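Quick note: the sequence shown, position 166, residue 744 per the numbering used here, numbers continuous.
For every residue, glycine included, the Cβ atom is placed at its ideal position computed from N, Cα and C.
Note that the coordinates shown come from a computational prediction; the quantities given were computed from them, not determined experimentally.
Written out below as structure tokens is the structure these notes cover.
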Amino acid sequence: TAPFIQDPPVCCNQSLTISRVLIFAKQEAKRGRPVELGPPEARPPRAWPEERASIARALPVSQPAYQNKAHRLESRRYIRTHTNIGCAYYITYNTMSSETFTVLNDTRPDDTTLPAFMVSTTRGFLPRAEPVVDLPVEFVALESILARMPIQTLDGSPGLLARGMLGETVLNELPDLTWAVEKYAANLPLQNALYRDYSFLASAYLLEPCHLRFVKDGEYGLGREVLPKNIAIPISRCAEIAGFKPFMEYAGSYALFNYHLVDPTKGLEYSNLRLIRAFERGLDPMSSEAGFVLVHIDMVRNSGPLVAGVMSALDSCAADDRASFVEGLEEVVRAMSVVNKVMDEMWGKSKATEYTSFRTFIFGITSQSMFPNGVIYEGVSAEPFSFRGESGANDSMIPLCDNLLQITMPSTPLTAILKDFRAYRPGNHRQFLEYVHDRSRALNLKHYALAHPESAAAYLRILDQVRDFRWRHWCFTREYILKKTLHPTATGGSPIVTWLPNQLLAVLNEMEAVWDGAGRELDGCEDLMERALVQKETLKKEVDKYVKDRGV
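Dropping the structure here:
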């Protein structure tokens, strides 16, 4: 008999790093379900920018057949002849062609077998359907604690974090609900909701002492070094199923899967959005915490046209259709212009003077003084874990533009952090960004764009939108953080003074190179280049000042 790739486990078709695959294999072996790893000769012949793997359940049947069409013949042949029939799972390697990626038009919102996050032309990088709000009855204890957790609860009363009582409440009231997580393993949007809720609880539990210390004297002190098993085991399992790391992430937890609609008939208008979970006063839609998260959601709800424009530009470039190519680029410009306009509303909807009061709870473990030894996940591993914290840098819109335009970042440790952030996105988002990266380079899209004045001008206008976004992000960092605290690292673990300027300067340099290469004669680009050159000088002065003042 030959193995049949069918009935995939819920973690199938996720883009996994090899290290996560090995962790999965070790966990399954402990459960008595051995896993077979394909040797190097089973891997596809092409070298990919980041080696990734996928997991399929292998079951013996009388006729060989393969449902996963992404596997090339080399992998199929190996599976047919070499797979141990007794193994429960078989590891193969992603062989996605650089010419194909399925961007959804119909997001299939009622299909619970698909991951919550899949890129579409209608919802962009938002989840396929509105996030799951209410958990099944088995999780009543978890929901009860989460409802009582915020510093200010929904009814306005002080919550557990306000009284420093979350830790003891978790230990006294929360059972290990891993069995219930397993019960709903086939429902991927629900698993995403469980991951969201457990990650909120995990961050609040670990950082509660830091919040209390910060309120007292403005320092963070130390967080808790052990995540108890009643959080650690279920968050590890639902994160594995949903395709995330077992710690709070921007898309899958804190922001993009953390809203509900007051009136479903009114859609995603800002005034119709409310948070599902919060740490401080975020359940009040007028609070700065709510504004901080909801503006991000409002930005990303405009990402559908961005995705459509990128796909149009790639397809038109491949077809050597210059007019359609320019229109695709201009669609990207229009989409990013809307995103930047919404982003600018952050100033009024989330006050700079109030950001640090809820920022404490979105710090990660990596490179943070609060967790010098990492965090032990009780019942999961004896070795401490270290994860980066929630960060808007994990959003996919600007990386999408970077990859389309083939923006080259400098080879620095700061850029290495940027690459590390790639792992903190939904699997389908990562795959899409990798596809655009590879496809743009295979087509030499940048060269094609700059070969004609009209497309070169459109290319430069996209660069200007990326500049606008990154410049505003730097201004937020300056006003909300640098002027309010001396803590040296951002929530994601990057150096707070130098990391954003690293990427912004790369864009400004790219704009200058394009402008000079075109003889400084691209229609309608004189004003944007004048602004960019002024900002480049301003950025250098501001960074030099903060580096000197802080001794960085």
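With 16 as the cutoff for other CB atoms within 10 Å, does residue i come out buried or exposed?
i	result
residue 684	exposed
residue 836	buried
residue 1118	exposed
residue 1126	exposed
residue 849	exposed
residue 764	exposed
residue 734	exposed
residue 1073	buried
residue 918	buried
residue 678	exposed
residue 793	exposed
residue 818	buried
residue 767	buried
Take residue i as the anchor and find which of the options has the nearest alpha-carbon.
i	options	result
residue 691	770, 896, 1098	770
residue 703	1057, 1027, 1103, 1003	1003
residue 1017	1042, 993, 984	984
residue 959	701, 736, 804	804
residue 903	780, 759, 1024, 1098	1024
residue 725	858, 755, 809, 709	858
residue 833	747, 760, 1108, 870	870
residue 1051	772, 762, 1079	1079
residue 923	1067, 950, 963, 877	877
residue 883	954, 978, 851	978
residue 1030	900, 953, 1009	900
residue 773	880, 827, 1046, 754	827
residue 855	843, 723, 767	723
residue 782	768, 766, 802	802
residue 1011	975, 994, 1035	975
residue 916	1102, 1046, 1114	1046
So if DSSP puts residue i in a beta bridge, which residue, or which two residues, is it bridged to?
i	result
residue 1007	In DSSP, residue 1007 forms no bridge with anything.
residue 1067	1073
residue 963	953
residue 732	Residue 732 is not bridged to any residue.
residue 804	954
residue 702	698
residue 682	698
Please report how far the alpha carbon of residue i lies from the alpha carbon of residue j, in whole angstroms.
i	j	result
residue 860	residue 778	13 angstroms
residue 865	residue 831	19 angstroms
residue 599	residue 821	Because the pLDDT at residue 599 is just 49, under 50, the model does not fix this residue reliably, and the value given afterwards should be weighed accordingly. Each residue's Cα considered, the two are about 11 angstroms apart.
residue 556	residue 806	Missing from the structure shown is residue 556; the chain here goes from 579 to 1130 and no further.
residue 1021	residue 892	8 angstroms
residue 689	residue 716	22 angstroms
residue 1026	residue 840	46 angstroms
residue 776	residue 825	9 angstroms
residue 1077	residue 797	22 angstroms
residue 941	residue 791	15 angstroms
residue 706	residue 1130	43 angstroms
residue 1006	residue 1013	10 angstroms
residue 894	residue 991	36 angstroms
residue 972	residue 727	26 angstroms
residue 718	residue 699	36 angstroms
residue 1071	residue 967	7 angstroms
residue 808	residue 1128	41 angstroms
residue 938	residue 714	30 angstroms
residue 1124	residue 1066	11 angstroms
residue 955	residue 927	36 angstroms
residue 881	residue 962	37 angstroms
residue 1033	residue 1095	14 angstroms
residue 708	residue 872	14 angstroms
residue 675	residue 747	Residue confidence is low: residue 675 scores 43 on pLDDT, short of 50, so the model does not pin down where it sits. Its coordinate-derived value is still stated next. Roughly 50 angstroms between the two C-alpha positions.
residue 897	residue 950	53 angstroms
Starting from residue i and walking both ways along the alpha helix (DSSP H), at which residues does that stretch end?
i	result
residue 1128	1104-1128
residue 994	991-998
residue 776	766-795
residue 810	807-820
residue 882	881-896
residue 936	933-937
residue 756	756-761
residue 864	Element bounds for residue 864: n/a, residue is neither H nor E.
residue 971	Counting along the chain, residue 971 falls outside any alpha helix (DSSP H), and DSSP gives it neither H nor E.
residue 1054	1031-1054
residue 1027	1023-1028
residue 723	718-726
residue 900	900-921
residue 745	744-751
Can you name the start and end residues of the beta strand (DSSP E) that residue i belongs to?
i	result
residue 852	851-853
residue 839	837-839
Distance cutoff 7 angstroms, beta carbons only. Does residue i sit that close to anything in chain B?
i	result
residue 747	Considering every chain present, this structure includes no chain B. It has just one protein chain.
Comparing the CB of residue i with every heavy atom of the ligand COA, is any distance shorter than 6 angstroms?
i	result
residue 854	Within the structure as shown, the ligand COA is missing, as the structure has no ligands at all.
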